Structure formats: C-alpha cells, structure tokens
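When we follow the UniProt record's numbering, the leftmost residue of the sequence shown carries the number 1, and every step to the right adds one.
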Amino acid sequence: MNKRGRPTADERAARDERILDVATDLFLEHGFAGVALDRIAAEAGVTKRTLYTAIGDKPALLRAVVRRQHTYADGPTRDLESTAASIGGALLSDRAVALHRLVIAESTRSPELAREFHEAGPLAAQQALVRAGATPETAAELFTLLLGELHRERLLGLAPAPTATEVTARAARAVAVLST
C-alpha cells in the first residue's frame, strides 16, 4: 500500500539526493545541453513539477550538483589547513574533475552556466577559506596554490586523484607558503 500525503523531511532529503545523483550521472554522460529535465525527472522517479519545486530549473539543478560536491562550504568552520584539505579533496576528486570538464565544454554555448559553476564552486571554496581564517586578499591565492598544476593535469586526464594523505600534505604546503 502506497503512503499518501506529503513526504517527510527524510523522504524529501532522500528524493533530492536521488534527483542530484541522476542529474549528475546524466550530465556527465550526455553533457548539460544533452539532458532534458523530463529525463532527469523520469529516471529519478519524480514528476517534472516535483523537480522544479524541489530544486528548480536546469541551471539551479547544476548549481545544486556542484554545491553538493563542495561539502565543506556549509559545514562548521574549521582551521585553515583542515578547510584547505577538505577543498582539495573535493575538487581534485574524479567526480569534481568530470563536472569541471563538463562546464568547460559547455561554457562557450552557455556563459551563464560557467558563471553559475564559478559562483557555486571556486568562489564558494574561497569564501570557505576566508571563514577558516584566510584574508579575503589571500583566499584566491591559497585556492590556486591548493589546486595548482595537479588540477590541470587532472582535467587533462594526465594524473590520478590524489590520496587523502597527499591532499592533506598539499594543503599544509599551500597554507605554509602563504604564511611566510
């Protein structure tokens, strides 16, 4: 027997996670432009209206997908080195690199999509660094040091994802460089 009525908060959260999982997989497989909201809704087992109500339009959906990759952005403020390590771990992961590639591929057709990605990704990371103790003037530099050439190599498929130990060491070096 199917339950009727409004879903509980836990059911809504599970539904939203399912929507984001499906959207991420479809975006990565077919590109942003190659995926219709109707398909995302159908594969997530929701109506298009539910998708719009829960998440919003397609750019809002991408923002939510990107934000979910940035788990450190809404968490409690930690020390600068731990925050930098969280950012590095999130942004150097296979999933984040694949999302970044997707946005780069779509950016000439959709500059707004690129802007949305930048705000939900790199700028959110820099704001997290400021909350953790970086100055607004050094947050961008710390972000750049944290990702560095390894991120470019990851985008090009030339390097594997770093281990947690490597990310932690990378974060410590980046913070140390800006502290001197």
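Cβ atoms here follow ideal geometry from the backbone N, Cα and C, with glycine treated the same way. This one's a predicted model, so the numbers in the text were calculated from it and none came from an experiment.
Which residues bound the alpha helix (DSSP H) around residue i?
| i | result |
| --- | --- |
| Gly88 | 80-91 |
| Val120 | Looking at the sequence itself, residue 120 is Ala, so the reference to Val does not match. No alpha helix (DSSP H) holds Ala120; DSSP gives it neither H nor E. |
| Leu156 | Segment: none, Leu156 is in no alpha helix (DSSP H) and carries neither H nor E. |
Taking only the alpha-carbon atoms, compute the straight-line gap between residue i and residue j and give it to the nearest angstrom.
| i | j | result |
| --- | --- | --- |
| Ala125 | Phe117 | 12 Å |
| Val22 | Leu146 | 30 Å |
| Lys48 | Glu153 | 38 Å |
| residue 188 | Glu119 | What the structure shows of the chain is the stretch from 1 to 180, and residue 188 is not part of that stretch, so it cannot be assessed. |
Got a sec? Which residues, its chain only, sit under 8 Å from residue i by beta carbon, not counting five neighbours each side?
| i | result |
| --- | --- |
| Leu150 | Leu92, Ala159, Pro162, Arg170 |
| Ala139 | Gln126, Gln127, Leu129, Val130 |
Do you know whose CA, among the options, lies nearest residue i's CA?
| i | options | result |
| --- | --- | --- |
| Arg131 | Phe27, Asp21, Leu80 | Leu80 |
| Lys58 | Glu11, Leu20, Leu147, Thr108 | Leu20 |
| Ala85 | Lys48, Ala120, Phe143, Pro111 | Phe143 |
| Ala134 | Ser82, Asp94, Gly5 | Ser82 |
| Val175 | Glu17, Gly88, Glu119, Thr77 | Gly88 |
On the premise that residue j lies in contact with residue i, defined as a C-beta separation below 8 Å, what is that separation, rounded to the nearest angstrom?
| i | j | result |
| --- | --- | --- |
| Ala96 | Gln69 | 5 Å |
| Arg67 | Ala73 | 7 Å |
| Val65 | Thr8 | Actually they are not in contact, since the Cβ atoms of Val65 and Thr8 sit about 24 Å apart, beyond 8 Å. |
| Val46 | Arg15 | 6 Å |
| Thr71 | Ala90 | 6 Å |
Step through the CB atoms of chain B and report whether any lies within less than 9 Å of the CB of residue i.
| i | result |
| --- | --- |
| Leu92 | Absent here is chain B; the protein component of the structure consists of one chain. |
Using a Cβ-Cβ cut-off of 7 Å (strictly less than) and excluding sequence neighbours within five positions of residue i, which residues of its own chain qualify?
| i | result |
| --- | --- |
| Leu102 | Phe27, Leu28, Gly31, Phe32 |
| Thr168 | Ala85 |
For residue i, collect the residues of the same chain with a Cβ closer than 6 Å to its Cβ; drop the 5 residues on either side in sequence, then sort them by chain order.
| i | result |
| --- | --- |
| Ala44 | Arg18, Ile19, Val22 |
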